[in-house]
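One structure is given below, encoded as structure tokens.
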Amino acid sequence: MSEASAQDDYFQGKVAVVTGGASGVGRCIVTQLAQHGAKVVLADIDAENIAKVCGELRAQGLTVDGMQANVIKAESMEALAAAVFAKYGNVHLLFNNAGVGVKEAAKPLWTIAEQDWQWAYAVNVMGVVNGIRAFVPTMLERGEPGHVINTSSGNGGITSLPTTPVYASSKAALTSLTEVLHAQFLKAEAQLQAHVLFPGPFLVNTNILNSDRARTDEFRVAGQAPAAYVDMAALAKSAGLDFKLTEPEEVAEMALEGVRKGQFWILSKLGSSDDKLRARTENILARENPPLG
1 MSEASAQDDY FQGKVAVVTG GASGVGRCIV TQLAQHGAKV VLADIDAENI AKVCGELRAQ
61 GLTVDGMQAN VIKAESMEAL AAAVFAKYGN VHLLFNNAGV GVKEAAKPLW TIAEQDWQWA
121 YAVNVMGVVN GIRAFVPTML ERGEPGHVIN TSSGNGGITS LPTTPVYASS KAALTSLTEV
181 LHAQFLKAEA QLQAHVLFPG PFLVNTNILN SDRARTDEFR VAGQAPAAYV DMAALAKSAG
241 LDFKLTEPEE VAEMALEGVR KGQFWILSKL GSSDDKLRAR TENILARENP PLG
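The working numbering puts the first residue of the sequence shown at 1, with every later residue one more than the last.
Shown next as structure tokens:
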């Protein structure tokens with residue numbers, strides 16, 4: 001991007017906070033916002049990775065501010081918000097992006113450990129609630145136009161894969177939460193807009209399957225060792241699967257474009273999302289039992 005185009009950009013000069021900003025989709029959102037001239041706060045639980053990513057981005061001439069925060073701790077998010085508002089005065093873009101997946105594939109939901117449920121919901125649902133509660137009141141008080149973008153998933157937000165009950169149900173809850181947030185902003189005639197982001201259209205090439213590295217002791221299952229590192233592309237290849245991966249840079253581009261356009265539903269027109277939405281709606285209207293798969 002040329003310097004001139006950056007100066008004219010929608011995000012120029014705006015203050016943005018991105019949770020889960022040190023890896024995957026979050027890192028790409030941070031990078032692209034900085035390229036568009038935003039003042040970006042990269043928030044993450046991993047202090048070492050924050051320093052590493054901020055160093056790499058600054059080496060590219062980008063301005064990024066790294067702050068450590070744990071989304072599952074309300075007091076941590078409140079401290080983050082206090083630091084950001086004290087330094088920048090306001091926040092115009094809040095990306096509640098931090099999320100985790102658990103190793104649950106093919107497990108009946110009644111056999112999945114309580115700690116897995118608690119951890120996924122603590123991050124994927126309450127982590128977003130904590131972000132909203134910490135930032136939105138002051139954003140509303142400032143009275144400036146702004147955006148709250150919550151990262152959901154087509155798995156749960158659109159249809160639910162039967163192999164991932166924990167992840168899918170947490171993202172379904174997050175999608176519903178964001179719809180309510182949107183309605184409440186409208187009712188309050190607020191200057192804020194809510195958005196729900198569905199990364200895709202295909203499986204996103206991130207470290208979501210390696211979320212265990214960030215699991216704290218309180219959510220660990222006794223006798224269960226941390227899961228080994230999983231490379232999505234290598235996993236698919238070894239299993240003989242022929243499917244496409246979406247790169248996180250593509251998701252970040254889609255997210256920023258959706259914010260520019262004021263879209264509540266931010267999802268790709270590629271892939272099978274529209275077909276799944278249509279099939280689910282028709283199934284409900286016909287009062288038919290959900291099909292398998």
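Yeah, the Cβ is synthetic: ideal placement off N, Cα and C, and Gly gets one too.
*If we count the other Cβ atoms within 10 Å of its Cβ and call it buried at 16 or more, is residue 31 buried or exposed?*
Here residue 31 refers to the residue found at position 31 of the sequence shown. The residue in question, residue 31, is buried, as its Cβ has 16 or more Cβ neighbours within 10 Å.
*Nearest neighbour of residue 120, chosen from 37, 270, 40, 71 [CA to CA]*: The count along the sequence shown starts at 1 and reaches residue 120 at position 120. Among 37, 270, 40, 71, the Cα nearest to that of residue 120 is on 71.
*Tell me whether residue 313 sits in a helix, a strand or coil according to DSSP, three-state version.*
Because the chain in this structure spans residues 1 to 293, residue 313 falls outside the shown range and cannot be described.
*What is the C-beta distance between residue 149 and residue 195, in whole angstroms, given that I count them as a contact (C-beta under 8 angstroms)?*
Position 149 of the sequence shown, counted from the start, is the residue given in the question as residue 149. Position 195 of the sequence shown, counted from the start, is the residue given in the question as residue 195. About 4 angstroms separates the two Cβ atoms, so the contact holds.
*asked:* Applying the 10 Å Cβ sphere with the 16-neighbour rule, what's the burial state of residue 95?
replied: Translated into positions along the sequence shown, residue 95 becomes position 95. By the neighbour-count rule (16 or more Cβ atoms within 10 Å), residue 95 is buried.
*asked:* Considering just the uninterrupted stretch of the alpha helix (DSSP H) at residue 182, what are its terminal residues?
replied: As a position in the sequence shown, residue 182 is number 182, starting the count at 1. Start and end: 165–187.
*Using 8 angstroms as the Cβ pair cut-off and three pairs as the minimum, do the region 46–62 and the region 15–29 touch?*
yes
*Three CB pairs or more closer than 8 angstroms across the region 124–131 and the region 166–178*: yes
_residue 275 burial status per 10 Å Cβ neighbour count (16 or more: buried)_ = Taking the sequence shown and counting its residues from 1, one reaches residue 275 at position 275. It is exposed - the Cβ of residue 275 has fewer than 16 other Cβ atoms within 10 Å.
*Give me the Cβ distance between residue 29 and residue 252, rounded to the nearest whole Å; I'm assuming they're in contact under 8 angstroms.*
Here residue 29 corresponds to residue number 29 of the sequence shown, with the count starting at 1. Here residue 252 corresponds to residue number 252 of the sequence shown, with the count starting at 1. With a Cβ gap of about 5 angstroms, residue 29 and residue 252 count as contacting.
*List in chain order: all unbroken alpha helix (DSSP H) runs of 4+ residues lying wholly within the region 85–160.*
114–124, 126–142, 154–157
*Flag this pair as yes or no: are the beta carbons of residue 93 and residue 140 separated by less than 8 angstroms?*
Numbered from its first residue, the sequence shown carries residue 93 at position 93. Numbered from its first residue, the sequence shown carries residue 140 at position 140. Not closer than 8 angstroms, so no.
*Are the beta-carbon atoms belonging to residue 34 and residue 14 less than 8 angstroms from one another?*
Locating residue 34 in the sequence shown gives position 34, counting from the first residue. Locating residue 14 in the sequence shown gives position 14, counting from the first residue. No; because the gap between Cβ atoms is not below 8 angstroms, this pair is not in contact.
*Is residue 255 helix, strand or coil by DSSP?*
In the sequence shown, counting from the first residue as 1, residue 255 sits at position 255. Helix, per DSSP.
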